[in-house]
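Just below is one structure, and these are the notes that go with it.
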Amino acid sequence: MTYEFERKQRIAILGGGPGGYEAALAGAQLGADVTLVERAGIGGSAVLTDVVPSKSLIATAVAANAINDATDLGVQFFLRGHESGAPVRPEIAVNLTAVNNRLLRLADQQSEDMKAELKSAGVRLIQGEGRLDGTSGIIVSTAPGTKGTDFDRVEADTLVVSVGATPRILDSAVPDGERILTWTQLYSLRSTPEHLIVVGSGVTGAEFASAYRALGSEVTLISSRDQVLPGEDADAAVVIENVFTRHGMNVLSKSRADSVVRTETGVLATLSDGRTVEGSHCLMAVGSVPNTADIGLAEAGVQMTESGHIRVNRVARTSMPNVYAAGDCTTSLPLASVASMQGRAAMFHAMGDAVIPIDLRNVAANIFTQPEIATVGWSQKQIEAGEVDGQIHKLELSKNPRAKMMGITDGFVKLFASTGSGTVIGGVIVAPNASELIYPLALAVNRRMTVDQVARTFSVYPSLTGSLADAARAMHVVR
Ligand SMILES: Cc1cc2nc3c(=O)[nH]c(=O)nc-3n(C[C@H](O)[C@H](O)[C@H](O)COP(=O)(O)OP(=O)(O)OC[C@H]3O[C@@H](n4cnc5c(N)ncnc54)[C@H](O)[C@@H]3O)c2cc1C
Numbered sequence: 049m050t051y052e053f054e055r056k057q058r059i060a061i062l063g064g065g066p067g068g069y070e071a072a073l074a075g076a077q078l079g080a081d082v083t084l085v086e087r088a089g090i091g092g093s094a095v096l097t098d099v100v101p102s103k104s105l106i107a108t109a110v111a112a113n114a115i116n117d118a119t120d121l122g123v124q125f126f127l128r129g130h131e132s133g134a135p136v137r138p139e140i141a142v143n144l145t146a147v148n149n150r151l152l153r154l155a156d157q158q159s160e161d162m163k164a165e166l167k168s169a170g171v172r173l174i175q176g177e178g179r180l181d182g183t184s185g186i187i188v189s190t191a192p193g194t195k196g197t198d199f200d201r202v203e204a205d206t207l208v209v210s211v212g213a214t215p216r217i218l219d220s221a222v223p224d225g226e227r228i229l230t231w232t233q234l235y236s237l238r239s240t241p242e243h244l245i246v247v248g249s250g251v252t253g254a255e256f257a258s259a260y261r262a263l264g265s266e267v268t269l270i271s272s273r274d275q276v277l278p279g280e281d282a283d284a285a286v287v288i289e290n291v292f293t294r295h296g297m298n299v300l301s302k303s304r305a306d307s308v309v310r311t312e313t314g315v316l317a318t319l320s321d322g323r324t325v326e327g328s329h330c331l332m333a334v335g336s337v338p339n340t341a342d343i344g345l346a347e348a349g350v351q352m353t354e355s356g357h358i359r360v361n362r363v364a365r366t367s368m369p370n371v372y373a374a375g376d377c378t379t380s381l382p383l384a385s386v387a388s389m390q391g392r393a394a395m396f397h398a399m400g401d402a403v404i405p406i407d408l409r410n411v412a413a414n415i416f417t418q419p420e421i422a423t424v425g426w427s428q429k430q431i432e433a434g435e436v437d438g439q440i441h442k443l444e445l446s447k448n449p450r451a452k453m454m455g456i457t458d459g460f461v462k463l464f465a466s467t468g469s470g471t472v473i474g475g476v477i478v479a480p481n482a483s484e485l486i487y488p489l490a491l492a493v494n495r496r497m498t499v500d501q502v503a504r505t506f507s508v509y510p511s512l513t514g515s516l517a518d519a520a521r522a523m524h525v526v527r
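Every number in the working numbering is 48 more than the matching position in the sequence shown, counting from 1.
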């Protein structure tokens, strides 16, 4: 008599950013034989060039602003040994070489930590450039910098594609890595740009414009729309634009940059209406393109959009039953948190574990400007367009006792609740550290809590989250 032992399911993952990393850990935890192929470093763009470095840079910008703002709260600065003994107003000077060294070190460390975590979970790591070989495996070129030699083939039952995206390059403004830069090239700057032109006022453009202004650069933000942060909550965008201009940023709205070229001393941006802007450096923040070209997706029968994004369902499955995709290369939201959730969902589904399909409506997101903008659930725009029936309540933070004590003048909380039932369906928080304040609202949206349930939950007095409870109380439905 022969016994057939069930062999382990073999999973091959292409790309080691948040999507691939989480898929690998979940797959290994569920008992699969997991191989991950990565060409650069574990952690992906999220760790090496995007989230970790940008948020570390922003931490320095927040510290610089805090010193400036401390004076308003009565903190005085003195020069040690200065004979007059009179307080001075500090001039902030940021050592960008030290800042960039710090954030690159942090990124490397985080990447190493994640690599160690994968290894201890038993995931096999292959460094190399990979492509799909139909739907049954991945071909890897392991010789650095080559695409045609030294091939390995990873045979697999299930594939996960999580290859991320790279900055969009415009032919009329090609980055040279010195003066015209993508965000991945910013960290080689040795000193703060005298005058940084930022092309693009989406999340990435707004975050870097905000940070570099706080670090002492003159900043011109070129926005093709009426307002910065197109697509985000309109009230939040107004607050941010006001703060930007009050802090001396030059915001050029409805201005499309036709070209950016180098001059002898810096850069020259030419706008579509013929105006020109001269600066020392230019950051191009005009979006990303998915890394899905020439990796065998079409040949494998995986459906993509015209923009090259992989079509996935709510458990991250593609049009091919044993191929999953996660992260920025998919039609989902381009956020590290979403990539991770997709990676996990893919594995739970492939391994037959319990899986709750991802609901993008529950995604909490944050824009790390100063103040920050955190959002969750349905938006005001969608409510006003009649996509969902909802009530809106907004409270200015300037009325919140804790905000007054902290000297916070800009920002608000806004709550959205279903008409009739009072179920919380979304909200916006514009405040310092809004990213840390949104979680209770995300829980309320996820757990379908009513405004009364939120209002009955104790908040600390005094606290910024007290405004969430106040807004919920104001939305009480009288029955
Ligand atoms: C400036 C900036 C700041 C951001 N800040 C935030 C934030 O604060 N919070 C947040 O949630 N999101 C943030 N994001 C978005 C976040 O970075 C992405 O959503 C996240 O990186 C997506 O993860 P991923 O796994 O899809 O791809 P990635 O992180 O891009 O990883 C993909 C990996 O695949 C590898 N790869 C690609 N092709 C191949 C191949 N053929 N063979 C082998 N390996 C390959 C790449 O080397 C890379 O390591 C930010 C983005 C930017 C640009």
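Ideal placement from N, C-alpha and C gives every residue a C-beta, glycine not left out. This structure is a prediction, so every number in the text was calculated from the model and none was measured.
Taking C-beta to C-beta, are Met-395 and Gly-75 nearer than 7 Å? yes
Can you tell me the Cβ-Cβ gap for Val-99 and Ala-384, rounded? I've got them flagged as a contact below 8 Å. 5 Å
Between the C-alpha atoms of Gly-475 and Lys-462, what's the straight-line distance to the nearest angstrom? 5 Å
May I ask which residues mark the beginning and end of the alpha helix (DSSP H) holding Asn-116? 99-118
With 16 other CB atoms within 10 Å as the buried threshold, where does Pro-135 fall? exposed
What first and last residue would you give for the beta strand (DSSP E) that runs through Asp-518? Careful: Asp-518 lies outside any beta strand (DSSP E), inside the alpha helix (DSSP H) at 514-522.
Note down, in chain order, each residue of its chain lying with its Cβ closer than 8 Å to the Cβ of Gly-196, except the 5 sequence neighbours on either side. Reliability fails at Gly-196, whose pLDDT of 49 lies under 50, so the model's placement of it is uncertain and the value that follows must be treated cautiously. Within the same chain, Gly-196 has close Cβ partners Ser-189.
Under 6 Å: does the beta carbon of Glu-177 sit that close to some heavy atom of ligand 1? yes
With 16 as the cutoff for other CB atoms within 10 Å, does Met-389 come out buried or exposed? buried
Does the beta carbon of Ser-102 fall short of 6 Å from some heavy atom of ligand 1? yes
Go ahead and pull the three-state DSSP assignment for Ser-511. coil
Exposed or buried, what is Tyr-487 when buried is set at 16 or more other beta-carbons lying within 10 Å of its beta-carbon? exposed
Does the count of Cβ pairs from the segment 435-442 and the segment 102-111 closer than 8 Å reach three? no
With Leu-300 and Thr-268 assumed to form a contact (beta carbons below 8 Å), what rounded beta-carbon distance in angstroms separates them? 6 Å
With DSSP run on the structure shown, which of helix, strand or coil describes Glu-289? helix
Taking 6 Å as the limit between beta carbons, can you name the residues of its chain near Gly-391, skipping five residues before and five after? Gly-67, Glu-70, Ala-71, Ala-374
Spell out the partners DSSP gives Gly-468 in its beta bridges. In the DSSP output, where bridge partners are listed per residue, Gly-468 has none listed.
What number of angstroms, rounded off, separates the C-alpha of Asp-500 from the C-alpha of Phe-506? 12 Å
Which of helix, strand or coil DSSP assigns to Gly-196: Caution is warranted here: a pLDDT of 49 is assigned to Gly-196, below 50, making its placement in the model unreliable, and the coordinate value is therefore given only provisionally. Three-state result, Gly-196: coil.
Could you have a look at Ser-189 and say whether DSSP puts it in helix, strand or coil? strand
Please go through the same chain and pick out, in chain order, the residues whose beta-carbon is closer than 8 Å to the beta-carbon of Leu-319, but skip the five residues on each side of it. Ile-270, Leu-300, Ser-303, Arg-304, Ala-305, Asp-306, Val-325
On the DSSP bridge list, what partners appear for Thr-324? Thr-318
Cα separation between Trp-426 and Ile-406? 15 Å
At the level of alpha carbons, what is the spacing between His-130 and Thr-240? 28 Å
Sort Pro-510, Val-82, Ile-358 by Cα distance to Gly-170 and report the nearest one. Val-82
Arg-362 (DSSP reduced to helix, strand or coil): coil
Can you give me the Cβ contacts of Leu-229 inside the same chain, cut-off strictly under 6 Å, excluding the 5 residues immediately before and after it? Pro-223, Leu-331
Helix, strand or coil at Asp-81 [DSSP, three-state]: strand
In the DSSP assignment, the alpha helix (DSSP H) including Ala-482 goes from what residue to what residue? 482-485
Below 6 Å, is the gap between the Cβ of Met-484 and the nearest heavy atom of ligand 1? Correcting the residue identity first, residue 484 is Glu in this sequence and not Met. Result no, Cβ not under 6 Å from ligand 1.
Evaluate Ser-132 with the Cβ neighbour count: other Cβ atoms within 10 Å of its Cβ, from every protein chain shown; 16 or more gives buried, anything less gives exposed. exposed
Can you tell me whether Leu-381 is helix, strand or coil according to DSSP? coil
Which parts of the segment 364-444 are runs of the alpha helix (DSSP H), unbroken and 4 residues or longer, counting only runs that do not cross its ends? 384-398, 428-432
With distances taken between CB atoms, is the gap from Leu-445 to Ala-422 smaller than 7 Å? no
Close Cβ partners of Gly-185 (< 8 Å) along its chain, the five nearest in sequence each way excluded: Ala-60, Arg-201, Val-202, Glu-203, Ala-204, Leu-207
C-beta atoms of Arg-179 and His-329 nearer than 7 Å: no
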